[in-house]
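Comments concern the structure below.
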Amino acid sequence: MSEKGDKFTFKVTVIGDGAVGKTSLIKKFTKGNFQEEYIQTIGAQFSKYMEEINKDRCKLFFWDIAGQDTFHFLRPAFYKASVAAIIVYSLEENDLGKESFKHVTKWYNEITKFCGDIPIVLFGNKVDLVDEKELTDEKISKLIEKKDFLGYYKTSAKTGQGVHEAFQAIIKELYSKYKTISS
Numbered sequence: 043m044s045e046k047g048d049k050f051t052f053k054v055t056v057i058g059d060g061a062v063g064k065t066s067l068i069k070k071f072t073k074g075n076f077q078e079e080y081i082q083t084i085g086a087q088f089s090k091y092m093e094e095i096n097k098d099r100c101k102l103f104f105w106d107i108a109g110q111d112t113f114h115f116l117r118p119a120f121y122k123a124s125v126a127a128i129i130v131y132s133l134e135e136n137d138l139g140k141e142s143f144k145h146v147t148k149w150y151n152e153i154t155k156f157c158g159d160i161p162i163v164l165f166g167n168k169v170d171l172v173d174e175k176e177l178t179d180e181k182i183s184k185l186i187e188k189k190d191f192l193g194y195y196k197t198s199a200k201t202g203q204g205v206h207e208a209f210q211a212i213i214k215e216l217y218s219k220y221k222t223i224s225s
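Throughout, my numbering is defined as the position within the sequence shown, counted from one, plus 42.
Here it is in structure tokens:
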């Protein structure tokens, strides 16, 4: 599990419809870069990220799960041992944005079915492509009330807006939870 010197190792699953920016968000957070062209994730891929908190070394594996329906049969195996999840949808005012928002509940139900009561954060991605003044938080507020999300963040993998803060919410929650357990 943990390599020598690692105090904590966490698996965080990142889910949502295809083309909402899951891979781009992970790359922005872990490597600081953004790739313009869309490359579909096949099955799953993972990225490693290290962080030191209070002199404890934390290793995180972000599992980027393909959102296309053709990969639905693989997802339960990829969810195994996840201690947290990030659900991503697109804030765009097009079909992708509308459909991906409608599917947030499906993703929430699926991850909780296979992983139980784990911390889940919701990312509304591609905020750089919409007029924030026109974004209504009414629908999202109702959804957050209905489901037990740890938090909700408007993010942009392209500009970096909200990305660090959103990922840090998960990291701090996991550290706090598992630090208490290991003490």
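All C-beta atoms in this analysis are idealised placements derived from N, C-alpha and C, irrespective of residue type, glycine included.
The stretch 72-89 touching the stretch 215-223, judged by at least three CB pairs closer than 8 Å: no
Touching by the beta-carbon criterion (3+ pairs, under 8 Å), the stretch 123-141 and the stretch 165-183: yes
Presumed contact (8 Å Cβ cut-off) between A62 and S124, rounded CB distance: It is Val, not Ala, that sits at residue 62 in the sequence shown. Not quite, the Cβ-Cβ distance comes to about 19 Å (not below 8 Å), so this is no contact.
Reference T147; option with closest CA among F113, H114, K196, K188: K188
Presumed contact (8 Å Cβ cut-off) between I182 and Y194, rounded CB distance: 6 Å
R99 - partner residues in DSSP beta bridges: E94
C-beta contact flag for K200 and F76 at 8 Å: yes
8 Å Cβ shell around M43 - same chain, five flanking residues per side excluded: At M43, the pLDDT of 43 sits below 50, so the modelled position is not reliable and the matter cannot be decided from this model.
Residue closest to G139, alpha-carbon to alpha-carbon, out of V172, A119, E152: V172
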